[in-house]
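Student:
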Amino acid sequence: MSNENLSEKVSVNVNTSTLSQIDLLVDNGYYSNRSDFINQAVRELLREERSVIDGIIERNAHPRNGETGWFIGVSGLTAKEVEAMYQTGERIKLVGYGVLTVDKACDEEKLFATVESIRVKGKVHCSDTVKAHYGLK
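Here the sequence shown stands for residues 3 to 139, numbered as in my numbering.
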């Protein structure tokens with residue numbers, strides 16, 4: 003998977019005064035462009051909020067309401083994993099933030115029998131049939 007599949011374009015409104023300060027830093031070589039500045043600012047704020055993020059991750063790491071497939075970041079569901087769940091009768095609900103890839107080699111009938119639902123704030127890479135079944139974009 004290429005890095006372009008792991009990025010999203012986000013539009014933000016910035017007041018003129020703030021934008022002029024960003025442009026001043028860019029024009030004087032502190033950042034290569036506006037996106038570079040904004041990405042750096044977001045990374046620094048996320049670092050400051052690390053304990054809050056870790057707490058949310060910890061709370062969500064424990065299954066609740068049948069949501070047994072919680073993730074953050076990049077995750078995947080392989081044909082082998084689906085087969086194993088199918089054989090044991092396991093049923094899961096996938097919930098996450100980031101990118102989920104469903105192996106195109108998955109037997110779709112077994113996938114539908116084991117994965118009750120998929121809810122991802124981000125991107126899901128899978129077949130059109132899987133997207134249609136779970137109501138994904």
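Each residue gets a CB set at the ideal place from its N, CA and C atoms; glycine is no exception.
If you run the structure through DSSP and keep just helix, strand and coil, what is Gly57?
Tutor: helix
Student: Using C-beta distances below 7 Å, list every residue in its chain close to Ala107, excluding the 5 sequence neighbours before and after it, in chain order.
Tutor: Ala81
Student: Count the other CB atoms within 10 Å of the CB of Thr116; is the residue buried (16 or more) or exposed (fewer)?
Tutor: Residue environment for Thr116: buried (at least 16 other C-beta atoms within 10 angstroms of its C-beta).
Student: With a CB to CB cut of under 6 Å and the five nearest residues on each side skipped, what residues in its chain are close to Leu113?
Tutor: Val84
Student: Give the straight-line distance between the Cα atoms of Val104 and Ser13, rounded to the nearest whole angstrom.
Tutor: 28 Å
Student: Tell me whether Ser37 sits in a helix, a strand or coil according to DSSP, three-state version.
Tutor: Ser37: helix per DSSP, three-state reduction.
Student: Are three or more beta carbon pairs between the region 124-131 and the region 85-105 nearer than 8 Å?
Tutor: In short, these stretches touch, since the Cβ pair count reaches three.
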